[in-house]
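Participant: Pasting a structure below so you can have a look.
Numbering (full-length UniProt numbering), first residue to last: 1 to 188.
This is the structure in structure tokens:
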């Protein structure tokens, strides 16, 4: 299957995409680039993060089963690509890389915010790590309402179906707007 129409399920990509928007997703042989919006299966690490969250601990104590993420798909923006350093500070993802004398840093221009107290503190701050081949750091444009690489870490390419580029319905038609992540050049 080369093309897929996908209904945006949540507020995690607002204001770029709103619940109910239909986007056209294309499978690509090329790896995603920074700024691309990707459609993917959730990684196995997500169910583990949920189980270890405060909600997961309460469910375990109360002997309640939490629904698995298996069979669901997510849509998020690529913030970091292989070879870059990615981490989280104050719930906000940041990415940096250097080539020669030029360095860049990519941050969420909406600034820091406090996530709801559902996931443990490691989801608010994540040490930087170099993204390996086939690893991407993905984040929702609306970080306050998004469960993404800030919670589970890098997303491996094997989980990615394709890239969303066009909103085709219902309220508007056109390319997906850029997200809140801004790249700034730094000199060494």
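We put the beta carbon where it would ideally sit given N, CA and C, even for glycine.
(1) Anyone know if the C-beta pair for residue 23 and residue 34 falls short of 9 Å?
(2) Starting from the C-beta of residue 96, find all residues in its chain whose C-beta is less than 6 Å away, skip the five residues before and the five after it, and write them out in chain order.
(3) Does the Cβ-Cβ distance between residue 139 and residue 77 come in under 9 Å?
(4) Taking the alpha carbon of residue 170 as the point to measure from, which residue in 20, 4, 2 has its own alpha carbon closest?
(5) Near residue 142, what residues of its chain come up, given a Cβ to Cβ distance below 8 Å and the 5 sequence neighbours on each side ignored?
(6) Taking only the alpha-carbon atoms, compute the straight-line gap between residue 99 and residue 40 and give it to the nearest angstrom.
(7) DSSP three-state call for residue 157: helix, strand or coil?
(8) Where residue 114 and residue 148 are concerned, what is the direct C-alpha to C-alpha distance, given to the nearest angstrom?
(9) Residues in the same chain with beta-carbon distance under 7 Å from residue 8, minus the five sequence neighbours each way, listed in chain order, please.
(10) Checking the sheet assignment: what are the DSSP bridge partners for residue 108?
(11) Helix, strand or coil, according to DSSP, for residue 3 in the structure here?
(12) Alpha carbon to alpha carbon, how far is residue 159 from residue 102?
(13) In terms of alpha-carbon separation, which member of 173, 184, 155, 146 lies closest to residue 32?
(14) On the DSSP bridge assignment, give the partners of residue 152 in chain order.
(15) Under a three-way DSSP split, which group does residue 91 fall into?
(16) Is DSSP giving residue 33 helix, strand or coil here?
(17) Going by the DSSP bridge assignment, what does residue 26 pair with across the sheet?
(18) Taking residue 153 as the reference, which of 3, 126, 107 has the closest Cα?
(19) What number of angstroms, rounded off, separates the C-alpha of residue 42 from the C-alpha of residue 151?
Facilitator: Taking the coordinates as given:
(1) Going by C-beta atoms, residue 23 is not nearer than 9 Å to residue 34.
(2) Answer for residue 96: 85, 105, listed in chain order.
(3) Cβ distance < 9 Å, so residue 139 and residue 77 count as in contact.
(4) Nearest C-alpha to residue 170: 20.
(5) Residues 11, 12, 13, 14, 15 of the same chain have their beta carbon placed closer than 8 Å to that of residue 142, with the five preceding and five following residues left out of the count.
(6) Residue 99 and residue 40: Cα-Cα distance of roughly 30 Å.
(7) Helix.
(8) Residue placement at residue 114 cannot be trusted, given a pLDDT of 47 that sits under 50; what the coordinates show is reported in the next sentence. Going from the Cα of residue 114 to the Cα of residue 148 covers about 15 Å.
(9) Within the same chain, residue 8 has close Cβ partners 17, 18, 19, 20, 21, 23, 75.
(10) According to DSSP, which records beta bridges pairwise, residue 108 is partnered with 181.
(11) The three-state reading of DSSP puts residue 3 in strand, counting E and B together.
(12) Each residue's alpha carbon lies about 32 Å from the other.
(13) Ranked by Cα distance from residue 32, the options 173, 184, 155, 146 are led by 155.
(14) Answer by DSSP bridge pairing: none, since residue 152 is not bridged.
(15) In the three-state reduction of the DSSP assignment, residue 91 falls in the coil class, being assigned neither a helical nor a strand state.
(16) Note: residue 33 maps to coil in three-state DSSP.
(17) The secondary-structure analysis by DSSP pairs residue 26 across a beta bridge with 3, 163.
(18) It is 126.
(19) Rounded to whole angstroms, residue 42 and residue 151 show a C-alpha spacing of 12 Å.
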